[in-house]
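Colleague: Sharing a structure below in structure tokens format, with a few things to ask.
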């Protein structure tokens, strides 16, 4: 059974987030990922706007801090998160999360959630935490607002990147997206901290 955790304080040496994804089924969250299932007040954190038959389709945000290469050292960490309109161009050097990790369906409606990554060895700061909230609520002052999807606000917090350590994990983070490295290339067709409720899957 997955463990439900209440995260009231984050460790000052918390590892940076290395990958972000969206899943259609909460049960299909990849191993090593934290699922943002609910807002702090217990509301469903579904990012998919349903119609008359809401519940047929759902989308949930998840993230991981897992290392990525054979030495156990992450080669990249997330340095920024943006939400852009699907008609706009994906920002240069950002990755648009186009598909769900589990079903390969469209990740979102009318929007792209985009992440920017950077080599861990080239930065001292990276995204350290991600959280979701009801649209009418405000996150702690240390969090940056990304945008709102289906009435759910998405926030992230920057933190200091700790010195690399050796990990026994062989998991390879997945993003379900593509990178736009060209200024002319058009876009194709939150452990959550104080205030967050997350579902950690081992």
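Residue numbers (my numbering): 1195 to 1396. Yeah, the Cβ is synthetic: ideal placement off N, Cα and C, and Gly gets one too.
Do residue 1341 and residue 1329 have their C-beta atoms closer together than 8 Å?
Modeller: The residue labelled residue 1341 in the question sits at position 147 within the chain shown. The residue labelled residue 1329 in the question sits at position 135 within the chain shown. No, they are not a contact pair.
Colleague: Helix, strand or coil, according to DSSP, for residue 1259 in the structure here?
Modeller: For this step, residue 1259 is matched to residue 65 along the chain shown. Three-state result, residue 1259: coil.
Colleague: Quick one: what's got a C-beta closer than 8 Å to residue 1270's C-beta in the same chain, skipping five residues either side?
Modeller: Reading the chain shown from its first residue, position 76 is the one you call residue 1270. Correct list, in chain order: 1212, 1262, 1311, 1312, 1313 and 1314.
Colleague: Can you tell me whether residue 1220 is helix, strand or coil according to DSSP?
Modeller: Indexing the chain shown from 1 puts residue 1220 at position 26. Here residue 1220 sits in helix by DSSP.
Colleague: Residue range of the beta strand (DSSP E) that residue 1328 falls in?
Modeller: Taking the first residue of the chain shown as 1, we reach residue 1328 at position 134. Run containing residue 1328: 1319-1328, per the beta strand (DSSP E) assignment.
Colleague: Can you tell me which of 1327, 1226, 1256 and 1225 puts its alpha carbon nearest to the alpha carbon of residue 1235?
Modeller: To locate residue 1235, count along the chain shown from 1; it is residue 41. Of the candidates 1327, 1226, 1256 and 1225, the one whose C-alpha sits nearest the C-alpha of residue 1235 is 1327.
Colleague: Looking at C-beta atoms only, is the number of pairs between the region 1294-1309 and the region 1216-1231 that lie closer than 8 Å three or more?
Modeller: Yes: the two stretches touch, three or more of their Cβ pairs being nearer than 8 Å.
Colleague: For the beta strand (DSSP E) that residue 1241 lies in, which residues bound it at each end?
Modeller: Here residue 1241 refers to the residue found at position 47 when the chain shown is read from its first residue. Counting along the chain, residue 1241 falls outside any beta strand (DSSP E), and DSSP gives it neither H nor E.
Colleague: What's the gap between the Cα of residue 1232 and the Cα of residue 1347?
Modeller: Against the chain shown, residue 1232 aligns to sequence position 38. Against the chain shown, residue 1347 aligns to sequence position 153. One C-alpha to the other measures close to 11 Å.
Colleague: Assuming contact is defined by CB atoms lying nearer than 8 Å, are residue 1289 and residue 1309 in contact in what I supplied?
Modeller: Looking up residue 1289 in the chain shown gives position 95. Looking up residue 1309 in the chain shown gives position 115. It is a contact, given that the beta carbons lie within the stated cut-off.
Colleague: State the start and end residues of the unbroken beta strand (DSSP E) segment that holds residue 1347.
Modeller: On the chain shown, position 153 is the one that residue 1347 refers to. Start and end: 1346-1354.
Colleague: So the beta strand (DSSP E) residue 1269 belongs to, where does it begin and stop?
Modeller: Within the chain shown, numbered from 1, the residue matching residue 1269 stands at position 75. Run containing residue 1269: none; DSSP gives neither H nor E here.
Colleague: Could you check what DSSP says for residue 1315 in three-state terms: helix, strand or coil?
Modeller: Working through the chain shown from its first residue, we reach residue 1315 at position 121. Helix, per DSSP.
Colleague: Under a three-way DSSP split, which group does residue 1209 fall into?
Modeller: Stepping through the chain shown from its first residue, residue 1209 is reached at position 15. Residue 1209 falls in the coil class under three-state DSSP.
Colleague: With 16 other CB atoms within 10 Å as the buried threshold, where does residue 1293 fall?
Modeller: Against the chain shown, residue 1293 aligns to sequence position 99. Buried, because 16 or more other Cβ atoms sit within 10 Å of the Cβ of residue 1293.
Colleague: Can you confirm whether residue 1291, when its beta carbon is compared against all beta carbons of chain C, has any partner nearer than 8 Å?
Modeller: Structure shown: chain C not included; a single protein chain is present.
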